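Notes for the one structure printed next.
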Amino acid sequence: MKTVAIAGTFDSKSLEFAYLQEIIHSLGLKTFMIHTGVFESKLAADVSNEDIARVVGADIKTIAANKDRALATDVLSRGLEKLLPQLYAAGKFDGVISCGGSGGTSLVTPGMRALPIGVPKVMVSTVAAGDVSMYVGTSDIFMYPSIVDVAGLNSISTKIFANAALAIAGMVKFEINKVIAKKPLIAASMFGVTTPCVDQAREYLEQQGYEVLIFHATGTGGKAMEGLIKDGYIEGVFDITTTEWCDELMGGNMAAGDKRLEAAALNQIPQVVSVGALDMVNFGPISTVPGKYNGRNFYKHNPTVTLMRTTVEENRQLGLMIAEKLNMCTAKAALLLPLQGVSMIDSPGQPFYGPEEDAMLFKTIKDNITNPLVEIIEINANINDIEFSTAAAQKLIELVTEKHR
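So the number in the working numbering is just where the residue sits in the sequence shown, counting from 1, plus 210.
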């Protein structure tokens, strides 16, 4: 019989979690109860808060006696982050569900994020309708808005909890038996303006027996790709679209953090890197662009996305950053420079055509890469031309094959 872990504050929200448990039992599933609250549980728990705190060398009773809720929450969150994957690996449960406000969500989601991708994870939360990136990270947590506060049972909350229980039950009980042949995984970064390049390369790589996972370079996509590389899922990286660095350095809204471009470098994963869409910074509607950028070259991509052309100086900064990250490489890598433009709209007659800007980018990168493991290849083509995409795909296959000889 399949088992659903229910993790939550059984001291303060026992009614809600007992209701979830009742529904899950009625669906023919077992439950595995994990108490994450600070004080004594009002429900029978398979894992106590003492067990969780002990994992990180803390005594929850001492912390509770001091009424230090902030410290207790931090301890329990860190403990659950370590313990939950261990319990899953030991076969204690097949999926996990929780509910709570911002505190409960912050407490349980780190443990959910630590579980493998594909393990069912449902978080019913008061903050699920807003920006949930801090809770979900690069995982596959299903965030379900609670609509009303998670505070007692009423005509709204019972329906929400019931639907959430049905959701986790369905995820746990039903499986797709279709077997997909296991192939070496390639991670590829793509943006709208580099789509032809990545599509052409993907087709070529798939013909050679690889499976290509494409990540949209919107900040979240870059973080997800870096996370999968770090976790060992990826055999090779086709990081053609490094545009998220524009947003990181210039304050756009699609930044992927200052660790972007590090996972493959530090984990000896073969990679081909390029400068796709480094001609643009992403903002929302034109009214949201910071005033300091007044008078710049803007392009309205759609009603909610405004692109800003990067300047010569900004391309110098970008070149320094790309070189810094590639100098971290611990395995062979290749940097391909498309001399005729870095995006679909960086070509003659297009709004972001900028030979001077691109020249500064290319020169800065070439002058500052000192790592002998990084090969620099210049191709007299636009990034979306077939000769560029094919050369990049062939180079990645060469690097992956060489590593496994």
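Ideal Cβ positions, reconstructed from N, Cα and C, are used throughout, including at glycine. This structure is a prediction, so every number in the text was calculated from the model and none was measured.
Positions of the alpha helix (DSSP H) runs, each at least 4 residues long and wholly inside the stretch 346–394, are given as 367–383 in order along the chain. Burial is judged here by how many other beta carbons sit within 10 angstroms of a residue's own beta carbon; N525 has at least 16 and is buried. Where H235 is concerned, there is no enclosing beta strand (DSSP E), although the alpha helix (DSSP H) around it starts and stops at 224–236. With a 10 Å radius around the Cβ and a threshold of 16 neighbouring Cβ atoms, Y443 comes out exposed. The beta carbon of R470 sits closer than 6 Å to the beta carbons of G432, E454 from its chain, once the five residues preceding and following it are set aside; these are given in chain order. Out of L545, M531, D221, V318, the CA that lies nearest to the CA of A254 is found in D221.
In the DSSP annotation of this structure, the continuous segment of the alpha helix (DSSP H) that includes F598 starts and ends at 596–613. Around the beta carbon of M381, 16 or more other beta carbons sit within 10 angstroms, so the residue counts as buried. For L290, the enclosing alpha helix (DSSP H) stretches over residues 279–299. DSSP places L476 in the uninterrupted alpha helix (DSSP H) bounded by 473–476. For P565, the secondary structure class from DSSP, reduced to helix, strand or coil, is helix. If you look at P320, you'll find it in the alpha helix (DSSP H) that goes 312–323.
Residue pairing from DSSP places K240 in a beta bridge opposite T213. Contact between A487 and T404 is confirmed by a C-beta separation of about 6 Å, below the 8 Å threshold.
DSSP, read as helix, strand or coil, puts F401 in coil. H245 sits buried, since 16 or more C-beta atoms from the chains shown fall within 10 Å of its C-beta. For G429 against D457, the beta-carbon gap comes to about 7 Å, under 8 Å, which counts as contact.
Nearest in C-alpha terms to A274, of all of N259, G267, I351, is N259. Per the C-alpha coordinates, the member of V334, V552, K223 positioned closest to T452 is V552.
Contact check for E445 against V584 fails: the beta carbons are separated by 8 Å or more.
A Cβ-Cβ distance of about 11 Å is found for the pair A324 and L297, leaving them out of contact under the 8 Å criterion. When rounded, the separation of the alpha-carbon atoms in A541 and E421 is 21 Å. The straight-line gap separating the alpha-carbon atoms of E416 and F249 is approximately 54 Å.
In the structure shown, the three-state DSSP call for T516 is strand.
Taken through DSSP and simplified to helix, strand or coil, A543 comes out as strand.
Counting along the chain, L530 sits inside the alpha helix (DSSP H) bounded by residues 522–536. The beta carbon of I327 sits closer than 6 Å to those of D350, all from its chain and outside the five residues before and after it, given in chain order. In the three-state reduction of the DSSP assignment, Y420 falls in the coil class, being assigned neither a helical nor a strand state. Boundaries cannot be given for I444, as no alpha helix (DSSP H) includes it and DSSP labels it neither H nor E.
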